[in-house]
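S.K.: Structure in structure tokens, see below.
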Amino acid sequence: MPIKPIPLLPKFQNGLGSFILQCKKITLQVDKAGGSSEGLRQFLKLRLNNYAISNPKIEFRIVEKHGHPIIKGHYINGREKAICIRNLNVDNVENKLNLLKESSGEQLRKRTNKVESINQSIRGIWSPLHVDPSIRHKI
Amino acid sequence: MHFFIRSLARIQLRNTSRVFTSPITNYSLLANRTFSISSTKYNQTITNTTQDSKILKQLPDLTPLKLEDDLYAVIKVHSNPFLVTEGDKVILPYNLKHAQVGDVLNFNDVAVIGSRNYTFTDDSIDPSLYTIKAVVLEKTKLPMRIREITKRRQRKVRHAISKPHRTILRITELKLK
């Protein structure tokens with residue numbers, strides 16, 4: 013039986029063609045009476061309506077549970093990001109929500125290069141044998 | 379083949395600056411010389427734009443580049459150069475505060491546009507020659523680093539925390555007009 017080569021599948025590159033927001037859902041876990049949930053409770057009362065309207069691509073789900081408040085982002089790549097927001101005020105809660113919204117769900121990692129590319133080099137690899145012999149370096 | 383702005387300007391300069399005067403031999407002529415008062419005042423700078431604008435209006439002919447398949451460009455963001463092709467991720471070492479995720483950015487400070495066989499270089503290429511666009515993909519951070527700072531003969535250890543911002547763009551469009 014001949015060995016079949018692995019078929020070259022197109023790689024999905026977000027933004028090429030169309031851009032898709034990677035954060036699809038945010039759950040807000042809140043305690044009804046707890047003191048550490050005070051900021052989140054205020055956020056739900058005052059700002060969540062406008063925030064949800066300005067982000068129509070994201071589903072917001074409120075979960076009532078005893079304990080410290082936690083916000084969780086669910087991403088298209090299947091990962092989750094959870095942040096404990098105990099004792100944070102309204103503005104800080106909003107900042108943390110923005111952080112979830114703006115990330116792609118990828119794990120934080122070191123970035124060594126300025127530009128990450130999967131394209132082949134456009135100018136090609138330099139070869140000493142193709143240089144004009146009159147100006148070629150002679151050993 | 380194609381006329382470059384810089385080389386044109388250089389040729390013009392060369393033509394105009396080469397004015398040689400013969401050394402003065404007959405000093406009796408000096409007495410008859412008259413001097414007109416300059417119209418420019420002290421500390422006044424005059425920009426001679428008439429000649430420059432004529433040169434600048436002449437856009438270079440980039441037909442050999444247009445016939446090539448793939449292009450690369452060196453774009454500058456706050457004078458920080460990035461060599462990009464279409465579909466590349468650009469990692470900016472800061473938080474782009476005014477751009478939201480999903481926004482499209484237009485680049486207008488480009489130093490180089492080229493292909494495998496040709497390159498076109500300038501200080502900043504006229505933006506009417508190309509379109510380079512990028513989408514803001516995400517705003518993340520690097521993983522948190524904790525550096526221990528110690529001093530000699532002191533037991534105290536200070537922990538310096540750093541978690542710098544990164545903004546990631548994707549080049550969606552790179553073409554000549």
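Residue numbers (our numbering), protein chains in the order written: chain A, 13 to 151; chain B, 379 to 555.
For every residue, glycine included, the Cβ atom is placed at its ideal position computed from N, Cα and C.
Predicted model only: the values in this text are computed from it and were never measured.
1. Determine whether the Cβ of Val134/A lies closer than 8 Å to any Cβ atom of chain B.
2. My output table needs one value for Val105/A: the three-state DSSP class, helix, strand or coil.
3. Return the CA-CA distance between Phe479/B and Glu516/B, expressed in angstroms with no decimal places.
4. Spatial neighbours of Ala64/A within its chain, please: CB distance less than 7 Å, with the 5 preceding and 5 following residues excluded, ordered by chain position.
5. When the Cα atoms are used, what is the spatial distance from Pro442/B to Tyr496/B?
6. Does the distance from the C-beta atom of Ile74/A to that of Ile83/A stay below 8 Å?
7. Within the region 31–116 of chain A, note down every full alpha helix (DSSP H) run reaching 4 residues or more, in order along the chain.
8. Since Lys122/A meets chain B, which of its residues come closer than 9 Å, beta carbon to beta carbon?
9. Taking a Cβ distance cut-off of 9 Å, strictly less, list which residues of the region 449–461 of chain B are near chain A, in chain order.
10. Can you give me the C-alpha to C-alpha distance between His78/A and Asn61/A, rounded to a whole angstrom?
11. Distance check for Pro19/A and Pro438/B, CA to CA, integer angstroms please.
12. Which whole-angstrom value describes the C-beta separation of Glu76/A and Val42/A, a residue pair presumed to lie in contact below a C-beta threshold of 8 Å?
13. Can you give me the Cβ contacts of Thr427/B inside the same chain, cut-off strictly under 6 Å, excluding the 5 residues immediately before and after it?
14. Using alpha carbons as the reference points, say which of Gln25/A, Gly27/A, Lys36/A and Arg148/A lies closest to Ile88/A.
15. Need the endpoints of the beta strand (DSSP E) that Thr518/B sits in, please.
16. Tell me, please, whether the CB atom of Lys190/A is closer than 8 Å to any CB atom in chain B?
17. Restricting to Cα atoms, I'd like to know which of Lys57/A, Ser49/A, Phe55/A and Lys69/A is closest to His80/A.
18. Any idea if Thr124/A is buried or exposed, counting beta-carbon neighbours within 10 angstroms, 16 or more meaning buried?
19. Please decide whether Glu516/B counts as near chain A, where near means a Cβ-Cβ distance under 8 Å.
M.R.: Quick look at the numbers:
1. Residue identity differs from the one stated: residue 134/A is Ile in this sequence, not Val. Taking Cβ atoms only, chain B reaches closer than 8 Å to Ile134/A, which makes this a yes.
2. helix
3. Per the sequence shown, the amino acid found at residue 479/B is Val instead of Phe. Whole-angstrom Cα-Cα distance: 6 Å.
4. Phe72
5. 7 Å
6. no
7. 50–58, 60–66 and 102–114
8. Leu520 and Pro521
9. Leu449, Tyr450, Asn458, Pro459, Phe460 and Leu461
10. 23 Å
11. 43 Å
12. 6 Å
13. Model confidence at Thr427/B stands at a pLDDT of 49, short of 50, so the residue's coordinates are unreliable; what they give is reported in the following sentence. Here the set comprises nothing.
14. Lys36/A
15. Tyr508 to Lys519
16. Here chain A comprises residues numbered 13 to 151, so residue 190/A is not present and cannot be evaluated.
17. Ser49/A
18. exposed
19. yes
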